[in-house]
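Undergrad:
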Amino acid sequence: PNARRTLIAGNWKMNGLRQSKAELRGMAAGAEALAVELLVCPPVTLLAAFAADVAGTRLMIGAQDCHPAESGAHTGDVSAEMLKDAGAVAVILGHSERRADHQEGDAIVKAKVKAAWRTGLLPIVCVGETLAEREADEAAAIVTRQVRQSVPDGASAANLVIAYEPIWAIGTGRTPTTDDVAQIHGTIRHVLAERFGGEADGIRILYGGSVKPDNAATLLATPDVDGALVGGASLKAADFLAIARAA
Ligand code: PEP
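Numbering-wise, the UniProt record's numbering puts 24 at position 23 of the sequence shown, and it's gapless, one number per residue.
(1) Anyone know if the C-beta pair for residue 138 and residue 183 falls short of 8 Å?
(2) For a test of the three-state rule: what should DSSP assign to residue 203, helix, strand or coil?
(3) Under the three-state reduction of DSSP, which class applies to residue 38: helix, strand or coil?
(4) In terms of residues, what are the limits of the alpha helix (DSSP H) holding residue 212?
(5) Go through the segment 102-180 residue by residue and report every complete run of the alpha helix (DSSP H) that reaches 4 residues or more, in order.
(6) Does the beta-carbon distance from residue 133 to residue 87 come in below 8 Å?
(7) Figure out for me which residue from 176, 31 and 119 has the closest Cα to the Cα of residue 91.
(8) Assign residue 273 to buried or exposed, taking buried as 16 or more other Cβ atoms, counted over all protein chains shown, within 10 Å of its Cβ.
(9) Using C-beta distances below 6 Å, list every residue in its chain close to residue 150, excluding the 5 sequence neighbours before and after it, in chain order.
(10) Which residues in the same chain have their Cβ closer than 7 Å to the Cβ of residue 190, if we skip the five residues on either side of it in sequence?
(11) Along the chain, where does the beta strand (DSSP E) containing residue 228 start, and where does it finish?
(12) In angstroms, rounded to a whole number, what distance separates the CA positions of residue 101 and residue 68?
(13) Give me the residue from 140, 20, 30 and 18 with the minimum Cα distance to residue 239.
(14) In angstroms, rounded to a whole number, what distance separates the CA positions of residue 65 and residue 46?
(15) In whole angstroms, give me the CA-to-CA distance for residue 75 and residue 4.
(16) Under a three-way DSSP split, which group does residue 79 fall into?
(17) Which same chain residues, not among the five before or five after residue 194, have their C-beta less than 8 Å away from its C-beta?
(18) For residue 9 versus residue 39, is the C-beta distance shorter than 8 Å?
(19) Got a sec: does ligand 1 put a non-hydrogen atom nearer than 7 Å to the Cβ of residue 30?
(20) Compute every distance between the C-beta of residue 171 and the non-hydrogen atoms of ligand 1, then say whether any falls below 7 Å.
(21) From 248, 192, 36 and 54, pick the residue whose C-alpha is nearest to that of residue 21; which is it?
(22) With DSSP run on the structure shown, which of helix, strand or coil describes residue 187?
(23) What's the call for residue 28, buried or exposed, on a 16-neighbour Cβ count within 10 Å?
(24) Under DSSP, the beta strand (DSSP E) around residue 61 begins and ends at which residues?
(25) Could you tell me if the beta carbon of residue 103 falls within a distance shorter than 7 Å of some heavy atom in ligand 1?
(26) Nearer than 7 Å: is that true of the beta carbon of residue 68 relative to any heavy atom of ligand 1?
Written out as structure tokens, the structure is:
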């Protein structure tokens with residue numbers, strides 16, 4: 002029961018133009034032979050075209066953020082309903098770049114998770130400490146607070162993915178030791194079990210932060226690591242597929 006299917010998710014951030022479809026097609030072709038689930042989250046401008054392009058393949062398309070409301074007077078924002086309508090199946094929420102660039106706190110992330118659930122999108126909720134917090138030995142406490150306050154009641158193995166992304170490891174080429182990753186992932190699962198009981202055993206916890214083809218096998222073999230959230234290395238089909246094959 003509660004076998005956790007490995008998920009490799011790519012976060013393209015603010016990268017990609019229509020011509021990036023060549024990489025997408027390479028990923029879709031490679032996905033057919035994989036045992037893991039493969040998800041690409043392009044910028045919202047490419048979402049509908051990408052989703053149409055990969056229809057019928059095993060590659061899934063997701064988004065990078067959503068607004069909590071269904072529709073209305075929110076200039077420049079995009080609702081979960083719109084993402085779903087464009088063909089997304091998942092949405093990254095609470096990424097550290099959103100938390101930093103747009104002052105997103107746990108309360109807004111929680112409201113966005115509810116919006117994702119309202120439409121049937123799978124939320125990938127990101128948590129992680131800064132370098133200063135890590136050096137002050139506060140990583141577990143920070144992540145515990147973020148998981149407690151960003152995840153609404155009603156989470157289950159089917160409707161939630163968590164991504165642990167130490168901020169100092171994002172885009173830096175630095176990664177935590179596998180012991181540190183295992184410790185934080187274990188903490189996250191414990192926090193989930195306190196609230197959601199046995200469901201917590203089935204909730205996937207991804208690691209993110211400088212995952213590359215050459216470190217993916219080690220990171221993905223770490224206890225309680227159920228996949229990866231990949232930034233830079235998800236932009237090229239060859240790198241992204243190499244990570245997925247290492248799982
Ligand atoms: C990310 O920001 O989600 C991420 C993991 O980035 P990178 O892989 O480039 O460190």
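C-beta: ideal position from N, C-alpha, C; glycine also.
The model shown is predicted, which means the values in this text are computed figures rather than measured ones.
TA: Quick answer:
(1) no
(2) helix
(3) strand
(4) Premise fails: residue 212 is in no alpha helix (DSSP H) and is neither H nor E.
(5) 107-120, 132-136 and 140-151
(6) no
(7) 119
(8) What the structure shows of the chain is the stretch from 2 to 248, and residue 273 is not part of that stretch, so it cannot be assessed.
(9) 107
(10) 201, 206 and 225
(11) 228-231
(12) 16 Å
(13) 30
(14) 11 Å
(15) 40 Å
(16) coil
(17) 201 and 202
(18) yes
(19) no
(20) yes
(21) 54
(22) helix
(23) buried
(24) 60-64
(25) no
(26) no
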